[in-house]
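Numbering-wise (numbering that gives the first Met the number 0), the sequence shown opens with residue 0 and increments by one.
Where is the CB? At the ideal position from N, CA and C, for every residue including glycine.
The structure displayed is predicted, hence computed values, not measured ones.
As C-alpha cells, the structure follows; a few thoughts come after it.
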Amino acid sequence: MKRYLILLTLVSFFTGLAAQNTNGKINTRYLRPSITMLFAEPKDADEAILINKFRNLEVPGKFDDHRIQFPDMKPVENTNPAKKTLLENYIRKASNPVIAKWWGRDEQGNFNYTLVASRASYTATDADAIISRGSNTSRIEMLGEQLIDRSYILLYEITDLYTMDEYYDRLDAQNRKKKDYTPAKRTEEGYNCDYKVYAYKVAFNDSVAAEFYNRYWVDAQNPDKQKAAAWADATFPVRLITEAAGSVRSSQTKAKEKNKVKKTMQELLEDIPANIQSGAAFELGRKIEDFKLKVTVFKAYPVTAKLGTKEDLYTDQRFYVYEIEQDRSGNQSTVRKGVVRAKTINDNKGIATGTSLPSAFQQVQGKRIYPGMFMESKDDYGIILNTGFVSSGNKAMGGFHIGADIRISRFIKKPGWHFGIDVAINPFKNVYAGDIETDTRTLISSADMCSGNTLALAVTGSKEMYFTRRGNIYLRPQVGLGIQTYSFSEVGSYSIASDDKDYSWTSYILPAGIGLGYNISPMLSLEMKPGVYLRTGASTDNKESLSQTAAPTDDKWGFGTIGKFSTGTTNTFSLKIRF
0 MKRYLILLTL VSFFTGLAAQ NTNGKINTRY LRPSITMLFA EPKDADEAIL
50 INKFRNLEVP GKFDDHRIQF PDMKPVENTN PAKKTLLENY IRKASNPVIA
100 KWWGRDEQGN FNYTLVASRA SYTATDADAI ISRGSNTSRI EMLGEQLIDR
150 SYILLYEITD LYTMDEYYDR LDAQNRKKKD YTPAKRTEEG YNCDYKVYAY
200 KVAFNDSVAA EFYNRYWVDA QNPDKQKAAA WADATFPVRL ITEAAGSVRS
250 SQTKAKEKNK VKKTMQELLE DIPANIQSGA AFELGRKIED FKLKVTVFKA
300 YPVTAKLGTK EDLYTDQRFY VYEIEQDRSG NQSTVRKGVV RAKTINDNKG
350 IATGTSLPSA FQQVQGKRIY PGMFMESKDD YGIILNTGFV SSGNKAMGGF
400 HIGADIRISR FIKKPGWHFG IDVAINPFKN VYAGDIETDT RTLISSADMC
450 SGNTLALAVT GSKEMYFTRR GNIYLRPQVG LGIQTYSFSE VGSYSIASDD
500 KDYSWTSYIL PAGIGLGYNI SPMLSLEMKP GVYLRTGAST DNKESLSQTA
550 APTDDKWGFG TIGKFSTGTT NTFSLKIRF
C-alpha cells in the first residue's frame with residue numbers, strides 16, 4: 000500500500016505539471032511516446048502477406064515499441080456512418096493490454112514497476128541524471144508515469160492494394176475517354192498500395208491514474224482477487240488525435256537486363272510496409288505535438304543541443320529556435336528567433352550519465368541564438384521550388400526559369416546536398432539564324448526570319464554552404480548535365496509543324512555556377528547565381544549534325560556556334576520556395 004501511495008502521488012504531481020502545458024506553459028522537453036501498431040483485418044492473401052510483414056517491423060527509434068497481442072479490426076466500409084464509433088470502441092478495448100503491458104501485469108493479476116522504470120531511465124536526459132544524483136528523490140523514476148500518458152495506438156488500414164498490371168488497366172480505362180488514346184506502356188511489375196493510419200492517444204492523466212490505482216492495482220504484497228477479476232472489463236479513455244493517408248509503390252522494371260537483382264512479387268510486396276511506416280511516421284510527426292523533438296540550446300555558435308541517434312535525429316532535420324516570453328498572468332508564448340538544421344549527429348543511445356556529447360546544428364535563418372532557448376523540430380519535405388529568370392549573352396540559354404531541388408542530405412548523411420532540375424524557356428520571333436544546313440540539305444538561309452522557342456534543361460547537384468553565424472546568407476555551388484533545344488514554328492514564309500524533326504534541334508550542355516542566396520524566412524529565399532556553360536554542336540531529331548556557313552552579324556541566340564562546341568556565361572535570379 001505504501002508503494003501505491005507513492006506512485007499515486009507522483010502520478011498526480013507530474014501529470015498535473017503536464018496539464019499546466021495546456022494552461023499557458025510551454026513544454027520544452029521531449030518524452031518518448033510509446034507506439035502500439037494495430038491493423039485492419041486483411042481482405043485477401045496479398046494483404047495478409049503485407050500485414051504479417053508489417054507486424055514484425057520495429058517502430059522508429061524515437062519511439063518506444065509497445066507491441067501487444069490483439070486481434071485485427073474487422074473491416075468497416077467508409078460509407079458506414081458508425082465507422083468512427085466502431086474504430087473508437089476497438090481502440091478502447093486495446094487500451095486494456097496497452098496499460099497492462101506498461102505495468103507488467105502477470106497471470107495472477109499483479110502489477111509491477113519494471114518496464115516503467117526501464118523506459119524512464121532510457122528517456123532521461125543528462126539534466127535528469129545530474130539532478131537525480133543530488134536529490135533524495137529519483138527524478139528519473141518520476142518520469143515513468145509521464146511516459147504512460149504518451150501512449151499512442153496507430154491503427155493501419157490498407158484501403159487499396161493492386162498490382163502494376165491492374166494500375167495499367169485503370170490508366171487505360173481512364174485514357175480511353177480521350178480522343179487520342181494510346182495504351183500505357185507496361186514496363187513495370189510490382190504493387191501499389193493506398194493506406195490510412197489513425198493515431199489514437201490513450202489517456203493516463205491524474206484522474207485516470209487515480210481510478211486505475213483505486214480499482215485495479217494489485218501487487219505481490221497487496222493481493223486482491225476482486226480487483227484482479229475486475230481487470231477483465233477495464234478500458235481507458237482514448238482520443239483520435241489525427242489521421243494520415245498515403246500511397247506507396249514497390250516495383251521494378253520488367254527488362255531483365257536492367258535489374259541487377261530481380262525480386263519476386265512477394266519480395267516486392269514485403270518491401271511496402273517499411274515505406275508505409277516511414278511515410279506515416281513523417282506525416283504524424285508534423286501533426287502530433289508529442290512526436291515533435293524538443294530540447295533547449297546547450298551552447299551557441301556552434302549551436303549544439305543534446306539530441307542524437309536515440310531521438311532519430313537526421314542530417315539537415317529542421318528545428319525552429321524560440322525565445323519564451325511570459326506575461327503578468329504567467330502565460331507563456333514563443334517568439335521564433337531562428338532556424339537551425341542538424342549538421343553533426345551524436346550517438347547518444349543508452350542511459351544518460353550527465354556527460355553525453357551534444358549534436359551540432361547549423362543556423363540557416365534568423366537572429367542571434369543564445370543558450371537556453373527552446374528548440375522544436377519542424378520537419379519539412381525537403382523540396383524547393385524555384386522561379387525567376389536567366390540572363391545570358393546566348394538567349395537560348397536564358398529566359399523564364401523554373402526548377403526544383405530535393406534535399407538528399409538525409410540519405411547520404413552529408414549536410415546541404417540537393418539533387419535538382421533547372422529549366423529555362425525563351426521564345427524568339429523574327430530572328431535571323433544565318434545559313435544552317437545538314438549534310439543533305441539547307442534548313443535555313445540567311446534571308447529567312449525564324450520564330451519558335453528555346454529550352455535549356457539540366458539535372459543538377461548542389462550544396463548549400465553557410466559561413467556566417469546566423470545563416471541568413473549562403474553559397475550554393477552547382478554543376479549539371481542537360482540539353483538545350485530549338486523548336487521552330489516559322490522559317491521564312493513557311494509554318495513548321497510541331498512534329499517536324501528537321502526543325503527540332505538538340506545540343507548537350509554542361510552548366511556550372513555558384514549561387515549567392517539570402518534566406519528571407521524559413522520558407523522563402525532569394526538567390527543570384529552567376530554561371531558558365533559548355534555546349535556541344537547541335538543535331539536534328541533525325542540525328543543529322545548541323546553546320547553554320549554564314550553566321551548572323553548580330554547573333555544573340557547562339558545560332559553562330561550551332562555546329563560546334565561553345566562556351567558562355569549565365570546569371571540566374573530566382574525566388575526559392577521551401578516545403
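Bridge partners of D421 according to DSSP: G402, A457. By the neighbour-count criterion, in which a residue is buried when 16 or more other Cβ atoms sit within 10 angstroms of its Cβ, T566 is exposed. Between M72 and the set G337, S450, P41, the nearest pair of CA atoms involves P41. Ranking F578, L85, V338, R132 by CA distance to the CA of A351 puts R132 first. For P529, no alpha helix (DSSP H) run applies; the uninterrupted beta strand (DSSP E) run containing it begins and ends at 523-534, by DSSP.
For the pair P301 and A341, the CB atoms are not nearer than the 7 Å cut-off.
Between F572 and F318, the C-beta gap is not smaller than 7 Å, which leaves the two residues out of contact. For a cut-off of 8 Å, the C-beta gap from I383 to I576 is around 7 Å, short enough to register as a contact. In the three-state scheme derived from DSSP, where H, G and I count as helix and E and B as strand, W416 is classed as strand.
Closest by C-alpha distance to G371, out of Q251, K305, A511, G530, is K305. In this chain, the alpha helix (DSSP H) harbouring R285 covers 271-286.
The Cβ neighbour count for Y321, taken over all protein chains shown within 10 Å, is at least 16; the residue is labelled buried.
Sixteen is the threshold: since fewer than 16 other Cβ atoms of the shown chains lie within 10 Å of the Cβ of K83, the residue is exposed. In the structure shown, L268 adopts helical secondary structure according to DSSP, grouped into three states. For R149, the number of other beta carbons within 10 angstroms of its own is at least 16, and it is reported as buried.
In the same chain as Y199, and ignoring 5 residues on each side of it, the C-beta atoms closer than 6 Å to its own belong to I90, I152, V237, L239, in chain order. Residue ranges of uninterrupted beta strand (DSSP E) with 3 or more members, entirely inside the region 156-228 and ordered along the chain, are 187-201.
Within the same chain, V217, D218, A219 come within 6 Å of N109 by CB-CB distance, once the 5 residues on both sides are set aside.
Three or more Cβ pairs closer than 8 Å define a contact, and the region 156-167 falls short of that threshold against the region 221-236. A check of alpha carbon separations from P182 across Q173, E188, G189 identifies Q173 as the nearest. The alpha carbon of D540 has as its nearest neighbour, out of T568, G562, W504, I513, the alpha carbon of W504. I472 is bridged by DSSP to Y517. Assigned with DSSP and collapsed to three states, T571 falls in strand. Taking C-alpha positions only, V201 is separated from I129 by approximately 31 Å. In this structure R104 is buried. Its beta-carbon is surrounded by 16 or more other beta-carbon atoms within 10 angstroms. Contact between the region 482-492 and the region 442-452 is present: 3 or more CB-CB pairs across the two stretches fall below 8 Å. In the structure shown, F38 adopts extended strand secondary structure according to DSSP, grouped into three states. Between the beta-carbon of T569 and that of G530 there is about 5 Å, and that keeps the pair under the 8 Å contact cut. For I90, the uninterrupted alpha helix (DSSP H) segment begins and ends at 82-101. Looking only at R468, Q265, G481, the smallest Cα-Cα distance to Y369 is reached by R468. Assignment of beta-bridge partners to W504 by DSSP yields Y485, T539. Distance from the Cα of N429 is smallest, within the candidate group E436, I443, A455, for I443. Taking the Cα of V115 as reference, the smallest distance to any Cα among S277, A126, D125, V97 is reached at V97. Cβ neighbours of N471 within its own chain (closer than 7 Å, five residues either side excluded): Q364, Y517, N518. Judged by pairs of C-beta atoms under 8 Å, the region 400-420 touches the region 456-468, as three or more such pairs exist.
If you draw a 10 Å sphere on the C-beta of N191, you find 16 or more other C-beta atoms in it, and that means buried.
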